[in-house]
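**Q** The structure is given below, and queries will be raised subsequently.
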Amino acid sequence: MRNHYRKTGFRVLAYISMVFAVIGVALPVLPTTPFVLLAAFFASKGSPAFAFWLDNHPKFGPVILQWRTRQAVPASAKVLACSMMTLSWGFLFWGGAKPLVLIIVGITLVAVACYLLTRPTY
574 MRNHYRKTGF RVLAYISMVF AVIGVALPVL PTTPFVLLAA FFASKGSPAF
624 AFWLDNHPKF GPVILQWRTR QAVPASAKVL ACSMMTLSWG FLFWGGAKPL
674 VLIIVGITLV AVACYLLTRP TY
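Just so it is clear: in the sequence shown, position 84 is 657 by the numbering used here, and no numbers are missing.
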């Protein structure tokens, strides 16, 4: 019974992640690639049929395959992610956020950008 709840939880998380990925296709502020990768991970744990669909999808399948085999990220995703992180920090700065907030958020965003930019590109 516990395994059933676990699979159901992973399935729900996979579908929620995919909803965010689809929204990200239309909204440039929300990144698509990380949510597709998250959906693929959760689907592999909770829904083999959904995982198969994602793996064989013409748009999402190559992204998932590149991540699984090489931990590679598309160049467009890197550019968009770094641009949005810079823009977000800029909004905080111009919005008058406290210096401690700017420092903590800045360090976090730089760390994420460094990780992202050190991944192979395809």
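All residues carry an ideal CB built from backbone N, CA and C; glycine is no exception. Since the structure is predicted, the reported quantities are computational estimates derived from the model, not experimental observations.
Please name the residue in LYS651, PHE664 and PHE615 whose C-alpha comes closest to that of TYR688.
**A** Minimum Cα distance to TYR688 is reached at LYS651.
**Q** For a test of the three-state rule: what should DSSP assign to VAL646, helix, strand or coil?
**A** Reduced to three states, the DSSP call for VAL646 is strand.
**Q** When the Cα atoms are used, what is the spatial distance from ALA686 to SER661?
**A** Approximately 13 Å between the Cα atoms of the pair.
**Q** With burial defined as no fewer than 16 other Cβ atoms inside 10 Å of the residue's Cβ, what is the status of MET574: buried or exposed?
**A** Answer is exposed; the Cβ neighbour count stays below 16.
**Q** Identify which residue in ALA645, LEU675 and ARG643 has its Cα closest to the Cα of MET658.
**A** Selected option, being the one with the closest Cα: LEU675.
**Q** Can you tell which of PRO635, PHE666, GLY679 and VAL598 has the C-alpha that lies nearest to the C-alpha of THR694?
**A** The shortest C-alpha separation from THR694 is found at PRO635.
**Q** Taking THR581 as the reference, which of PHE593, SER617 and LEU610 has the closest Cα?
**A** Of the listed residues, the one whose Cα sits closest to THR581 is SER617.
**Q** DSSP three-state label for THR694, please.
**A** Reduced to three states, the DSSP call for THR694 is strand.
**Q** Alpha carbons only, please: which of PHE625, VAL595 and MET591 is nearest the one belonging to ALA612?
**A** Comparing Cα-Cα distances from ALA612 to each of PHE625, VAL595 and MET591, the minimum goes to MET591.
**Q** Taking just the CA atoms, how far does GLY668 sit from SER620?
**A** Using only the alpha carbons, I get a separation of about 43 Å.
**Q** Could you have a look at ASN576 and say whether DSSP puts it in helix, strand or coil?
**A** It is helical.
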